Structure formats: C-alpha cells, structure tokens
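Step one of this worksheet: look at the structure below.
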Amino acid sequence: MSFVDTSVATISPRARRRRILRRRFLRRPLAVVGFIVALAFVLAAILAPVIAPYSAGATDFNALLAHSSRHHLLGTDELGRDVFSRILWGARASIEAGVLATLLAMAVAVPIGIVAGYYRGWVDAVIARVTDVLLAFPFLIVAVGLAAILGPSLTNATIALGIGAAPALIRIARGEALALREEDYVRAAVANGASDLRILARHVLPNMLSTLIVQATVAIPTAIIGEAVLSFLGLGVQPPTPSWGVMLSDAQSYLSQAPRLAVYPGIAIFLCSLSFNLLGDGLRDVLDPRTTR
Amino acid sequence: MSLLAVDGLSVRFDTDDGPVHAVDRLSFTLGESEVLGVVGESGCGKSVSFMSLLRLLPETATVEGAATFDGIDLLHASPARLRSIRGRQIAFVFQEPMTSLNPAFKVGNQIGEVLRRHLGLSRGDARRRSIELLDLVRIPSPERRVDEYPHQLSGGMRQRVMIAMAVACDPKILIADEPTTALDVTIQAGILDLMRDIRERLGTAIVLITHNLGVVADVADRVLVMYAGRKVEEAPVHELFARPQHPYTNGLLGAVPRPGAGRLREIPGRVPSLAELPAACAFAPRCPRADQLSRTQVPDLREVAPQHHVACFHPGPDAEATA
Chain A
1 MSFVDTSVAT
11 ISPRARRRRI
21 LRRRFLRRPL
31 AVVGFIVALA
41 FVLAAILAPV
51 IAPYSAGATD
61 FNALLAHSSR
71 HHLLGTDELG
81 RDVFSRILWG
91 ARASIEAGVL
101 ATLLAMAVAV
111 PIGIVAGYYR
121 GWVDAVIARV
131 TDVLLAFPFL
141 IVAVGLAAIL
151 GPSLTNATIA
161 LGIGAAPALI
171 RIARGEALAL
181 REEDYVRAAV
191 ANGASDLRIL
201 ARHVLPNMLS
211 TLIVQATVAI
221 PTAIIGEAVL
231 SFLGLGVQPP
241 TPSWGVMLSD
251 AQSYLSQAPR
261 LAVYPGIAIF
271 LCSLSFNLLG
281 DGLRDVLDPR
291 TTR
Chain B
1001 MSLLAVDGLS
1011 VRFDTDDGPV
1021 HAVDRLSFTL
1031 GESEVLGVVG
1041 ESGCGKSVSF
1051 MSLLRLLPET
1061 ATVEGAATFD
1071 GIDLLHASPA
1081 RLRSIRGRQI
1091 AFVFQEPMTS
1101 LNPAFKVGNQ
1111 IGEVLRRHLG
1121 LSRGDARRRS
1131 IELLDLVRIP
1141 SPERRVDEYP
1151 HQLSGGMRQR
1161 VMIAMAVACD
1171 PKILIADEPT
1181 TALDVTIQAG
1191 ILDLMRDIRE
1201 RLGTAIVLIT
1211 HNLGVVADVA
1221 DRVLVMYAGR
1231 KVEEAPVHEL
1241 FARPQHPYTN
1251 GLLGAVPRPG
1261 AGRLREIPGR
1271 VPSLAELPAA
1281 CAFAPRCPRA
1291 DQLSRTQVPD
1301 LREVAPQHHV
1311 ACFHPGPDAE
1321 ATA
C-alpha cells in the first residue's frame, strides 16, 4: 500500500488537485475567453482613473455628438463627454453592483438555506414556502420594487438586487444541505460529539462551496444586467455619475441622430454579462466531480 | 459494577405505514475492557439499539427503557452532556469507511478536530497526537498520511483512520458497527487484529456489531444474539460455540463455512416485519422446533448454564450441527 503514489508524493495533494483543475479549465476555450474578458472588465473598473483618457464628467464643447476620432475613441455624447471614458467609469458601477449584490445575496441566503436544509421540520417548511412565494415574482420585478421603496442610489440598487437574488440561492443552499445532512461523515461527526454549529461550519458549508462558487458566477451577470436596468429606469446610479444603464437612458433622446450612443454601452453590458456567464459555465464543468476531461 | 447497563430498551419508529418496533425490551451489561459481540441478521435491531444509547437516531424514533453509563442516565442526559460523552467516552466506528470521512479536509485535521474539541489540545499537539494515532492503527508512514485527503486512502486505511479517530480520546467504550463488512477479507483480519490490540493496549471495552459469527469467534468475550429486535441468546463465546441453545443460533452456526463440513445449511424463510410485535416467539415461523407453545407465547430468557441465557421453549444444540 505504501509503494503507490511515490512519483507524485513530492507535491502536496492540494497543489496536485489545483493543477488538475487548472488543466481542465484551460481545455475549455470559451471559459478561458470568458475569464479573460471578465478580468478585463474588472481591471477596467479598478483602473478607470488611470486608463480613462478623460474624466467621466469632462465636456468638450468643440465636439458634441462627435464620431469616433483620434481624440475620442468612441466619439462623444450630447454634452461632449468622451464615451470610451464613460464606459470605463461605468464599469465601476456595474462590477461593484454585480459583485456586492451577489455577496449580499450569499450572506443572506446561505445561512438561511443551510438552517432550513439541516434542521428540516417546521423551520424548513416556513422558509421553503416563503422562498417559493418570492420565486413566483420575476427577479427584476422584485428588484425594481425594492429599489423603488429604498430610493434611488447605487447602494440601494445593490441591496435591492442582492435581496432579489437571495430566494434562488436559498433554495440551492437548502437543497445542498438536505443532501449533505445524510452523509455518513455528518453522522460520524454527530457520533463524535460535534456541536451543530461545528457540523454546519466544518462539514456542511465546505462541501457545498463549489456549488456556491458556480452560483455566484451565474448571479453576477444577472446583477450586472439588473444594475443597468435599475439605472436605466432612474432607480440606480444617478446622473451625472456614469453607468451603462444611465448612458442607455440618456442615449434615447438622440437615437435617430447618434444611435452609437446606445450601441456602445449596450455592447459593454452584453460582453460583460456574457463573459461572466461563460466563466460560470466553465467553472461548473470543471468543479463537477463527474467531469472526466 | 458494569460500565454500561441497559435495561428494557425499546425503540419504536413512527413511520407513515404505522409504528415499527425495532428493538423490544433489550437488556444487557458491558464490563470494563470487555468485548461484546452482537450478532444477528440485517434489520434485527443491532445497530439501532446502540445508536439509540447515544440518541443518534432520527426524531421519528421513540426510545424507552434505561441505559446507565458510568452513573449517567444516557437516555435522559442533556444534549450538552451527551456531546461530551459522544466521541469522548463512547465512540462509534461505522460500517462505511468510504463515506465516513469528510472529503474536504485532510485526515489529520479530522482526527485533530476531535482531539481539540474533547481534550483541548493545541493545533500543533493535535497534529503530533494524530500522527501517533495513525501509527497506533498501523498506517504506514503516518507523517505523510496525516496530510492526505480521504480520497487518497484505500478503504482499509480509511477504516483505520476512523478507528484512530474513535480511540483518539481514549474512550471507555468503542462501538464498532459492522466495521469490516465493506472490506476485503484480508483487510478484515487486519482490522479485527487491530481491535484486539486496542483492547489490550488501551483497555477499551468494545461492542462489535456484526452478522458474521466468524468475526465474533475471533475477537469477542461474550456474545449476544438478536432476532427481530429481541435478545434470543447470550453466552460467553466458547460456551455459545460449544453448546448453542437457540435454534436461531444453531441456524447461524450452520451457515458459517467450515472446511470439510459439507453443504452449508440455510435458515428457511425471512426476517419478519417489525410492524407489530408478535405475541409469540418471533422465530417460530422459521423454526423446525416450533410447536403450539412457541406460536402462542413469548418465551422468557432463562439461564440454561452459568451466564448462558436463552429465550426458547425448546433449547439445545441441533443434533445435526454437533454431529
């Protein structure tokens, strides 16, 4: 028994597993493209002050509604603001809302879902039914309603999106907990005198992490689109702060003269959410234990 | 005084199809450093009896009777008290070594977790002790294995890790529920050898739950035979094998393969449903010795020899089996 594995014994098991996962990921071109594009958007958001040629509000009255040129890569809008710069700055609102709303949804949904799934009984019945009721409403309707109640701002839009995304995650966390509570190692931990909190933290939560990571990468693009919708409706980021949704909304009045004002932020929203979706799909395949490739 | 005394233990499950009586008025004792073999077919209530002692059963189970361990009333102890006994005083080893370890953590951390919780060891001490324990259960190169994940170990090694975890806190009682059933025969022998070793070195009392009489003959001091939730026979191991009294025990012995013994005998029929407690000997429908009495009354346990109890109206060895 001890003579097996000697060739790989030199590297730690964790490193070996990481290497296998990396190789599986690299074998999926769409996932790699998704990862690169998503990373580019994240970097654009972080580095906007450095790489944007103009500040978000800077106006150039010599070039109103200008076409793309050497000075203005994607042209300017009706106030002479550089569209390329505003898209970079706008990535901040989108990424921030996407990531923070997802984290908020996780923070709310995972504990509730785990408690429901692990303890069963009436707690579970109540949580599951309430979740079903909330899921009956489309995600955007819930988010718009909440944002309207909370008042327009990026923070409130993020909270609204996070809470709107929570019911679906509660259901997923609950399902995982339901399956994990029947695992032999959970039974063994109980027999070894582990407290409920320890079992949930050490045995249930870590074993559902890969599912949660995949769900997070799927929830982020939804929240990015949600942010754009809320900002478009005037319930999210307030002008003059740039956001893709705000830019789309402003572009409406000039749709016949300068349709590009709507096209560019639209492309940004499309590419950003698509890249996160591709990344999520890739991660799901890679982390799925049934995957052999 | 005995270490563990169980008196009139009954377990009932309330299912959608009505109650199931898994255990019916089971009484037994376990002494210090004693190895008790518990034998019976699948579904006769062996595992359920012992899981009920530490209240490990789902909420649909109703447990009655009394169980005293070291002066503590197990069936009425507070949840916190119970947690301090589970794994510390009374430890379990389950049947499924392949799935009883958490795949997300190194085995060393999993043994260490028990040590840190029950004995308050530091991270470093727990790691050192984990290596010692892996060595105790005869896992080769424990310094390396301690940092491996469960999927890197074979079934036999995982069961050794489970045993290491169970004996980590030097418990008074180790309850091993079919510890060798899922393993290869050669590995079974190693695990049983390890059990014997642990009893000798640590003085742990062991309850060995199995459906394999061969396993019991090897390791146990005393044997308890269960059938349909009831104890049907109890005797020191040599006495039981030399003079089996209950026809069910005789049947089980007849089903153990022995060189030169010819064709194996089987017990006709199947284990009865436990939906209702029969007001008769539960074995009567399958028993060659059953008569009117067996079918109308429940036989009480009676002592046929010193320490040898049997619940049968017509006890005695099978003529054929002893021949």
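Protein sequence lines correspond, in order, to chains A and B. Numbered according to this note's numbering, the first sequence spans residues 1 to 293. Numbered according to this note's numbering, the second sequence spans residues 1001 to 1323. Note that beta-carbon positions come from the ideal geometry of N, C-alpha and C, so glycine has one too. If you're wondering where the values come from, they're calculated on a predicted model, not measured in any experiment.
Closer than 9 Å, Cβ to Cβ, to anything on chain A: give me those residues from the stretch 1047-1065 of chain B, in chain order. Met1051, Leu1054, Leu1056 and Glu1059
*Residues of the stretch 191-203 of chain A whose Cβ lies closer than 8 Å to any Cβ of chain B, in chain order*: Ala191, Asn192, Gly193, Ala194, Ser195, Arg198, Arg202 and His203
* Asked: Alpha carbon to alpha carbon, how far is Ala1279 (chain B) from Ser1294 (chain B)?
  -> For the purposes of this step, residue 1279 (chain B) is taken as the residue at position 279 of the second sequence. For the purposes of this step, residue 1294 (chain B) is taken as the residue at position 294 of the second sequence. Roughly 10 Å between the two C-alpha positions.
So, are the CB atoms of Gly162 (chain A) and Ala105 (chain A) less than 8 Å apart? Taking the first sequence and counting its residues from 1, one reaches residue 162 (chain A) at position 162. Taking the first sequence and counting its residues from 1, one reaches residue 105 (chain A) at position 105. Taking 8 Å as the Cβ cut-off, Gly162 (chain A) and Ala105 (chain A) qualify as a contacting pair.
Closest Cα partner of Thr155 (chain A) within the set A:Leu135, A:Gly98 and A:Arg120: Here residue 155 (chain A) is taken as the residue at index 155 of the first sequence, counted from 1. Minimum Cα distance to Thr155 (chain A) is reached at A:Gly98.
Taking only the alpha-carbon atoms, compute the straight-line gap between Ala177 (chain A) and Gln1297 (chain B) and give it to the nearest angstrom.
Taking the first residue of the first sequence as position 1, residue 177 (chain A) is located at position 177. Taking the first residue of the second sequence as position 1, residue 1297 (chain B) is located at position 297. Roughly 47 Å separates the two Cα atoms.
Original post:
Is the stretch 1008-1027 of chain B close to the stretch 1178-1188 of chain B, with three or more CB pairs under 8 Å?
Top reply: no
Leaving aside the five residues before and after Ser148 (chain A) along the sequence, list all residues of the same chain whose C-beta is less than 8 Å from its C-beta, in chain order.
Along the first sequence, read from residue 1 onward, the residue named residue 148 (chain A) stands at position 148. Per the sequence shown, residue 148 (chain A) should be read as Ala rather than Ser. Result list for Ala148 (chain A): Leu235, in chain order.
Checklist entry - Secondary structure at Ala15 (chain A), three-state DSSP: helix, strand or coil? => result Within the first sequence, the letter at position 15 stands for residue 15 (chain A). Residue state, collapsed to three classes: helix.
What residues match up with Phe1069 (chain B) in a beta bridge as DSSP calls it? The residue given as residue 1069 (chain B) occupies position 69 in the second sequence. Looking at the DSSP assignment, Phe1069 (chain B) forms a beta bridge with B:Leu1004 and B:Ile1072.
For the stretch 167-192 of chain A, which residues have a CB atom closer than 9 Å to at least one CB atom of chain B, in sequence order? Glu183, Asp184, Tyr185, Val186, Arg187, Ala188, Ala189, Val190, Ala191 and Asn192
Considering only residues of the same chain and omitting the five flanking positions on each side of Phe1069 (chain B), which have a CB-CB separation below 6 Å?
Position 69 of the second sequence, counted from the first residue, corresponds to residue 1069 (chain B). Counting only Cβ-Cβ distances below 6 Å, and skipping sequence neighbours, we find Leu1004.
Requested in this report: Only counting runs of 4 or more residues, tell me where the alpha helix (DSSP H) segments fall wholly within the stretch 180-234 of chain A, in order along the chain.
Outcome: 184-191 and 205-232
> Just how far apart, CA to CA, sit Phe1050 (chain B) and Ala168 (chain A)?
Replying inline: Within the second sequence, the letter at position 50 stands for residue 1050 (chain B). Within the first sequence, the letter at position 168 stands for residue 168 (chain A). About 40 Å.
Handout entry: Beta-carbon spacing of Ala128 (chain A), Ala116 (chain A) below 8 Å
Key = In the first sequence, the residue the question calls residue 128 (chain A) occupies position 128. In the first sequence, the residue the question calls residue 116 (chain A) occupies position 116. Cβ atoms of Ala128 (chain A) and Ala116 (chain A): closer than 8 Å.
Checklist entry - When we look at the beta-carbon of Gln257 (chain A) and count the other beta-carbons within 10 Å, is it buried (16 or more) or exposed? => result In the first sequence, the residue the question calls residue 257 (chain A) occupies position 257. Looking at its Cβ environment, which holds fewer than 16 other Cβ atoms inside 10 Å, Gln257 (chain A) is exposed.
Using a C-beta to C-beta distance shorter than 7 Å, which residues of chain A count as neighbours of Ala1104 (chain B)? Here residue 1104 (chain B) corresponds to residue number 104 of the second sequence, with the count starting at 1. Pro206 and Asn207, listed in chain order.
Does Ala9 (chain A) get closer than 8 Å to chain B when you measure Cβ to Cβ?
-> Here residue 9 (chain A) refers to the residue found at position 9 when the first sequence is read from its first residue. Its pLDDT being 45, under 50, Ala9 (chain A) is placed unreliably in this model, and the value from its coordinates should be taken loosely. Closer than 8 Å: yes.
Counted within 10 angstroms of its Cβ, other Cβ atoms place Pro242 (chain A) as buried (16 or more) or exposed:
Position 242 of the first sequence, counted from the first residue, corresponds to residue 242 (chain A). It counts as buried.
- Quick one: is Trp122 (chain A) buried, meaning 16 or more other Cβ sit within 10 Å of its Cβ, or exposed? Residue mapping note: residue 122 (chain A) aligns to position 122 of the first sequence, counting from 1. With fewer than 16 other Cβ atoms within 10 Å, it is exposed.
I need the DSSP call for Thr76 (chain A), collapsed to helix, strand or coil. In the first sequence, residue 76 (chain A) corresponds to position 76, counting from 1. It is a strand residue.
Out of B:Ile1175, B:Val1006, B:Gly1124 and B:Leu1194, which has the shortest C-alpha to C-alpha gap to Met1333 (chain B)? Shown here, chain B extends from 1001 to 1323; a query on residue 1333 (chain B) therefore has no answer.
- Item | Residue interval of the beta strand (DSSP E) (run including Arg952 (chain B)) | Limits of chain B in this structure are 1001 at one end and 1323 at the other, which puts residue 952 (chain B) out of reach.
Q.
Strictly under 8 Å for the Cβ-Cβ distance: is Ser85 (chain A) near chain B by that measure?
A. What you label residue 85 (chain A) is simply residue 85 of the first sequence in a count that begins at 1. False, the Cβ-Cβ gap to chain B never drops below 8 Å.
**Asked** Less than 8 Å separating the beta-carbons of Lys1231 (chain B) and Phe1105 (chain B)?
**Response** Start at 1 with the first residue of the second sequence, and residue 1231 (chain B) comes out as number 231. Start at 1 with the first residue of the second sequence, and residue 1105 (chain B) comes out as number 105. No, Cβ-Cβ distance for Lys1231 (chain B) and Phe1105 (chain B) is not below 8 Å.
### Message
Considering Cα atoms alone, identify which of B:Gly1031, B:Phe1013, B:Asp1014 and B:Gln1152 is closest to Val1006 (chain B).
### Response
By one-based count along the second sequence, residue 1006 (chain B) stands at place 6. The residue with the shortest Cα to Cα distance from Val1006 (chain B) is B:Gly1031.
Can you list the residues of chain A that Thr1029 (chain B) reaches, using a CB-CB cut of under 8 Å?
For the purposes of this step, residue 1029 (chain B) is taken as residue 29 along the second sequence, with counting starting at 1. Those do not exist, as Thr1029 (chain B) stays about 22 Å from chain A at its closest Cβ, beyond 8 Å.
message = According to DSSP, simplified to helix, strand and coil, what is His1021 (chain B)?
response = Taking the second sequence and counting its residues from 1, the one referred to as residue 1021 (chain B) is at position 21. Three-state result, His1021 (chain B): strand.
ask   = Does the beta carbon of Thr6 (chain A) come closer than 8 Å to any beta carbon on chain B?
value = Taking the first sequence and counting its residues from 1, the one referred to as residue 6 (chain A) is at position 6. Because Thr6 (chain A) carries a pLDDT of 44, less than 50, the predicted location of this residue cannot be relied on, and no value is offered for it.
*asked:* Within a Cβ cutoff of 7 Å, which residues of the same chain sit near Glu78 (chain A), ignoring the five residues on either side of it in sequence?
replied: Residue numbering aside, residue 78 (chain A) sits at position 78 when the first sequence is read from its first letter. Once the five neighbours on either side are set aside, the close Cβ partners of Glu78 (chain A) are Leu64, Leu65 and Tyr254.
Checklist entry - Would a C-beta distance cut-off of 8 Å place Leu200 (chain A) and Ile114 (chain A) closer than the cut-off? => result Taking the first sequence and counting its residues from 1, one reaches residue 200 (chain A) at position 200. Taking the first sequence and counting its residues from 1, one reaches residue 114 (chain A) at position 114. Cβ distance < 8 Å, so Leu200 (chain A) and Ile114 (chain A) count as in contact.
Could you give the distance in angstroms between the alpha-carbon of Tyr1149 (chain B) and the alpha-carbon of Arg1199 (chain B)?
Counting from 1 along the second sequence, the entry for residue 1149 (chain B) is found at position 149. Counting from 1 along the second sequence, the entry for residue 1199 (chain B) is found at position 199. Roughly 28 Å separates the two Cα atoms.
- Look at Leu74 (chain A) and Tyr264 (chain A) and say whether their C-beta atoms are less than 8 Å apart. As a working note, residue 74 (chain A) is residue 74 in the first sequence. As a working note, residue 264 (chain A) is residue 264 in the first sequence. A contact, by the Cβ cut-off of 8 Å.
Exercise. Check distances from the C-beta atoms of the stretch 1116-1137 of chain B to those of chain A and list, in chain order, the residues that come in under 9 Å.
Key: Arg1117 and His1118
In chain A, which residues lie less than 8 Å from Thr1099 (chain B) when you measure between Cβ atoms? By one-based count along the second sequence, residue 1099 (chain B) stands at place 99. Correct list: Glu183, Asp184 and Tyr185.
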